[in-house]
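Written out below as structure tokens is the structure these notes cover.
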Amino acid sequence: MAAARKPVVEVRRSQRRRRTVSAYRDGERVVVLIPDQFSRAEESEWVDRMLARLAAREGRLARNDTELLDRALRLINLYLADQGGDALPASVRWVTNQNGRWGSCTPADRTIRISHRLQEMPDWVLDYVLLHELAHLIVPSHNARFWALVGRYAKTERARGYLEGVAAASAVPVAG
Ligand SMILES: [Zn+2]
Numbered sequence: 001m002a003a004a005r006k007p008v009v010e011v012r013r014s015q016r017r018r019r020t021v022s023a024y025r026d027g028e029r030v031v032v033l034i035p036d037q038f039s040r041a042e043e044s045e046w047v048d049r050m051l052a053r054l055a056a057r058e059g060r061l062a063r064n065d066t067e068l069l070d071r072a073l074r075l076i077n078l079y080l081a082d083q084g085g086d087a088l089p090a091s092v093r094w095v096t097n098q099n100g101r102w103g104s105c106t107p108a109d110r111t112i113r114i115s116h117r118l119q120e121m122p123d124w125v126l127d128y129v130l131l132h133e134l135a136h137l138i139v140p141s142h143n144a145r146f147w148a149l150v151g152r153y154a155k156t157e158r159a160r161g162y163l164e165g166v167a168a169a170s171a172v173p174v175a176g
């Protein structure tokens, strides 16, 4: 997210508006709708306020790579702490080029990639996919030891069902 870049703001005054102010993003611009009777001071105050509100809303939605790594480390602490450093990833990143897979990992360089499609899903589903990939750093295959590790997370079965449902609904074959 380019948080430092200040967006181009277009202010639209409306005679029909009395008190309500709203803002939305339109491509690179942010359109702020204000009542026509607002003074210049009120206008600039409200533009700042709406930009801050918009940024906060988008910040919550954008789960960035740093937050992803934080989540992974928290999961290691909770579920894989007894595995020594074996579950520690070198990197955890969001990717958009992962067709048909929720997550993937490369044990050789200890990198994990998570599909951006998980950004829209509940935290407990994301946590399952993360834990699944972290467990692959310890056990590469889907054997009994692997599922015993992943099964430490109480919502594993529920999350797998959730993802199967999403996959079925979108008719995209999902592996991983
Ligand atoms: Zn797997």
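Take the sequence shown: its letter number 81 is residue 81 in full-length UniProt numbering, and every next letter is one higher.
Beta carbons are placed, not taken as given, at the ideal position from N, Cα and C, and that holds for glycine.
If you're wondering where the values come from, they're calculated on a predicted model, not measured in any experiment.
Integer-rounded CB distance, given that GLY103 should sit under 8 Å from HIS142: As a working mapping, residue 142 is identified with position 142 in the sequence shown. As a working mapping, residue 103 is identified with position 103 in the sequence shown. The pair is not a contact, with the Cβ atoms about 13 Å apart (cut-off 8 Å).
Have a look at ILE76 and ASP36 and give me their C-alpha separation to the nearest angstrom. Here residue 76 refers to the residue found at position 76 when the sequence shown is read from its first residue. Here residue 36 refers to the residue found at position 36 when the sequence shown is read from its first residue. Each residue's alpha carbon lies about 54 Å from the other.
How many whole angstroms separate the CB atoms of LEU130 and ALA72, which I take to be in contact at a CB cut-off of 8 Å? Position 130 of the sequence shown, counted from the first residue, corresponds to residue 130. Position 72 of the sequence shown, counted from the first residue, corresponds to residue 72. At roughly 5 Å, the Cβ-Cβ gap stays under 8 Å, so LEU130 and ALA72 are in contact.
Identify every residue that forms a DSSP beta bridge with ILE112. Counting from one through the sequence shown, the residue named residue 112 turns up at place 112. For ILE112, which the question treats as bridged, DSSP gives the partners VAL92 and CYS105.
Selection from VAL125, ALA87 and ILE138 that minimises the alpha carbon distance to GLY161: The residue given as residue 161 occupies position 161 in the sequence shown. With distances taken between Cα atoms, GLY161 lies closest to VAL125.
Mapping DSSP to helix, strand and coil, what is TYR24? Start at 1 with the first residue of the sequence shown, and residue 24 comes out as number 24. TYR24 falls in the strand class under three-state DSSP.
Contact check, LEU68 vs ILE138, beta carbons under 8 Å: Numbered from 1 along the sequence shown, position 68 holds the residue referred to as residue 68. Numbered from 1 along the sequence shown, position 138 holds the residue referred to as residue 138. Their beta carbons are not under 8 Å apart, which means LEU68 does not touch ILE138 by this criterion.
Assuming VAL31 and ALA41 are in contact, meaning their beta carbons sit under 8 Å apart, how far apart are those beta carbons, in whole angstroms? Counting from 1 along the sequence shown, the entry for residue 31 is found at position 31. Counting from 1 along the sequence shown, the entry for residue 41 is found at position 41. Rounded, the Cβ-Cβ distance is 20 Å, inconsistent with contact.
Nearer than 7 Å: is that true of the beta carbon of HIS116 relative to any heavy atom of ligand 1? Start at 1 with the first residue of the sequence shown, and residue 116 comes out as number 116. No, Cβ of HIS116 sits at least 7 Å from all heavy atoms of ligand 1.
Assuming THR111 and PRO89 are in contact, meaning their beta carbons sit under 8 Å apart, how far apart are those beta carbons, in whole angstroms? Here residue 111 is taken as the residue at index 111 of the sequence shown, counted from 1. Here residue 89 is taken as the residue at index 89 of the sequence shown, counted from 1. 7 Å between Cβ atoms; contact.
Beta-carbon spacing of LEU134, ALA87 below 8 Å: Translated into positions along the sequence shown, residue 134 becomes position 134. Translated into positions along the sequence shown, residue 87 becomes position 87. Cβ distance < 8 Å, so LEU134 and ALA87 count as in contact.
Closest by C-alpha distance to ARG93, when choosing among ASP65, GLY100 and GLY84: One-based indexing of the sequence shown puts residue 93 at position 93. Of the candidates ASP65, GLY100 and GLY84, the one whose C-alpha sits nearest the C-alpha of ARG93 is ASP65.
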